[in-house]
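Residue numbers (the working numbering), protein chains in the order written: chain A, 357 to 547; chain G, 29 to 222.
Rendered as structure tokens:
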């Protein structure tokens, strides 16, 4: 497997792409946002899932950020370690496709009212997504001039995978990029 | 606006004649912005909201290649324009980053004020003609250098003409701008006189 060098700028640029893609979806009809192909989530459920996934990392990221010191050499560049890189690459879309489907753990499944997708629910899901991923971008921006030396922390699936901050950022972004493709597939099924 | 800032702006827009009222409106449209060293002024994927003139500091404009590495397209420094101009004009997400390599102070105006100047004073069209002509010639000159000169020749040509402020920024930015590896830049810096 080739080396994987992570940089905050690359992550910020991709997060901006994700935010730019999701924000206009708010203009779509409630029907479009809540209609799913067979055995799939709808757009709202995908966004709710992404917010849940990110929330499981909030405290860990915050704790790690408290432990890192200022750098004197500009923004960081981080070589992902072998096992985290394997996990990251499992999420990363290949050639604008999801390489394989991954079964979602129960605790990451979005729980939305099954029939009553009111405007308030729609607005709340978008607000949570845009706020949480906007915060992730702020955290990455804040980390740019820090030394990425801190105790590793467990991933959301447990201590079998442990991350440094850049690896956790990359995992979360690849995970979101994967689900952006799922949103494309859901919307394409409606055309 | 402090007079030194007014002097900087009037020097930058030197071809433009203002009535007293126009000058007051023009100068009042500019706001001062400060950025820390290494702060991102504009991110790729975001909209550029300002057209800047640099008061102090050095900034790099760069994009990321497919491997996520920075490719430096240019620098701005005291007295020069700055910002991601295509994003500013077309209001589409920027493809490039603008980063303060040194603590920086910039004067910026909004897009509506910038475009308003052109509507209200035909001298701005003359200014724009000279401004964009100089930028075009500068980019063409750089393209010729990149395509025809050796690494050593590019290094010498750049170091002979670049402002002193640029000589103290991290070498990796200068190396990228000159399309060479940081190691090559370092070797040339140690061995070549210019």
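Think of the CB as a built atom: it goes at the ideal place given N, C-alpha and C, for glycine as much as any other residue. Note that the structure is predicted; figures quoted are calculated from it, not measured.
Give me the chain A residues within the contact set of residue 74 (chain G), using Cβ-Cβ distance strictly less than 7 Å, ordered along the chain. Here the neighbours are 372.
At least three beta-carbon pairs within less than 8 Å, the region 409 to 425 of chain A to the region 50 to 58 of chain G: Judged by pairs of C-beta atoms under 8 Å, the region 409 to 425 of chain A does not touch the region 50 to 58 of chain G, as fewer than three such pairs exist.
On the CB-based measure, 16 or more other CB atoms within 10 Å of its CB, does residue 535 (chain A) come out buried or exposed? Residue 535 (chain A) is buried by the Cβ-count criterion.
Which full runs of the beta strand (DSSP E) of 3+ residues lie inside the region 97 to 128 of chain G, going along the chain? Taking 3 residues as the shortest admissible run, the region 97 to 128 of chain G contains the following complete beta strand (DSSP E) segments, listed from N- to C-terminal end: 98 to 105 and 125 to 128.
Can you confirm whether the region 385 to 404 of chain A touches the region 152 to 170 of chain G when touching is taken to mean that 3 or more C-beta pairs between the two stretches lie within less than 8 Å? In this structure the region 152 to 170 of chain G does not touch the region 385 to 404 of chain A; the number of beta carbon pairs closer than 8 Å is below three.
Within chain A, partners of residue 136 (chain G) - CB distance below 9 Å: None at all; the shortest Cβ gap to chain A is about 20 Å.
For a test of the three-state rule: what should DSSP assign to residue 212 (chain G), helix, strand or coil? Helix, per DSSP.
Verify whether the separation of the beta carbon atoms of residue 70 (chain G) and residue 124 (chain G) is less than 9 Å. With respect to residue 124 (chain G), residue 70 (chain G) sits close: the two C-beta atoms are nearer than 9 Å.
Measure the C-alpha to C-alpha separation of residue 379 (chain A) and residue 519 (chain A) and round it to an integer number of angstroms. Roughly 29 Å separates the two Cα atoms.
Residue 68 (chain G) at chain A interface by Cβ criterion, 9 Å: Interface residue, yes.
Beta-carbon of residue 95 (chain G) versus every beta-carbon of chain A: anything under 9 Å? Residue-level contact check: residue 95 (chain G) touches chain A, since one or more beta carbons of chain A fall below 9 Å from its beta carbon.
Taking Cβ-Cβ distances shorter than 9 Å, what residues in chain A pair up with residue 92 (chain G)? Against chain A, a Cβ distance below 9 Å from residue 92 (chain G) picks out 363, 365, 366 and 369.
Assuming residue 542 (chain A) is part of the alpha helix (DSSP H), what are its boundary residues? Counting along the chain, the alpha helix (DSSP H) containing residue 542 (chain A) begins and ends at 521 to 544.
Residue 475 (chain A) and residue 386 (chain A) - do their beta-carbons sit closer together than 9 Å? In contact: residue 386 (chain A) and residue 475 (chain A) (Cβ atoms closer than 9 Å).
Residues in the region 185 to 213 of chain G with C-beta within 8 Å of chain A's C-beta atoms, listed in sequence order? Those residues of the region 185 to 213 of chain G that come within reach of chain A (Cβ to Cβ, closer than 8 Å) are 198.
Rounded straight-line distance, which links the Cα of residue 120 (chain G) to that of residue 374 (chain A): Between residue 374 (chain A) and residue 120 (chain G), the C-alpha separation is close to 15 Å.
Out of G:107, G:174 and G:158, which one is the CA nearest neighbour of residue 136 (chain G)? When only C-alpha atoms are compared, the closest one is G:107.
Where are the beta strand (DSSP E) runs, 3 residues long or more, that stay fully inside the region 438 to 524 of chain A, in chain order? Complete beta strand (DSSP E) runs here, min 3: 509 to 511 and 514 to 519.
For residue 478 (chain A) and residue 543 (chain A), which I take to be in contact (beta-carbon distance under 8 Å), what is that distance rounded to the nearest angstrom? Actually they are not in contact, since the Cβ atoms of residue 478 (chain A) and residue 543 (chain A) sit about 15 Å apart, beyond 8 Å.
Grab the span of the alpha helix (DSSP H) containing residue 136 (chain G) for me, first residue to last. That residue, residue 136 (chain G), is in no alpha helix (DSSP H); its beta strand (DSSP E) goes 132 to 138.
Whole-angstrom Cβ separation of residue 530 (chain A) and residue 444 (chain A), contact assumed at under 8 Å? About 6 Å; that satisfies the 8 Å criterion.
Pair within 9 Å by beta-carbon distance, residue 38 (chain G) and residue 138 (chain G): Not a contact, by the Cβ cut-off of 9 Å.
Members of the region 116 to 146 of chain G near chain A, C-beta cut-off 7 Å: Taking 7 Å as the cut-off between beta carbons, the residues of the region 116 to 146 of chain G near chain A are 121 and 125, in sequence order.
Rounded C-beta distance between residue 425 (chain A) and residue 502 (chain A)? I'm assuming under 8 Å. Indeed, because the Cβ distance is near 7 Å, the residues count as touching under 8 Å.
Member of G:74, G:166 and G:32 whose CA lies at the smallest distance from the CA of residue 114 (chain G): Closest option to residue 114 (chain G), Cα to Cα, is G:74.
Measure the Cβ-Cβ separation of residue 495 (chain A) and residue 440 (chain A) and say whether it is below 9 Å. For residue 495 (chain A) and residue 440 (chain A), no; Cβs fall outside 9 Å.
Three-state class that DSSP yields for residue 44 (chain G) in the structure shown: Residue 44 (chain G) falls in the coil class under three-state DSSP.
Can you list, in chain order, the residues of its chain with a C-beta nearer than 6 Å to that of residue 364 (chain A)? Leave out the 5 residues immediately preceding and following it. 431, 496 and 500.
So if I threshold CB-CB distances at 7 Å, which residues from the region 415 to 433 of chain A count as touching chain G? Answer set for the region 415 to 433 of chain A: 430 and 431.
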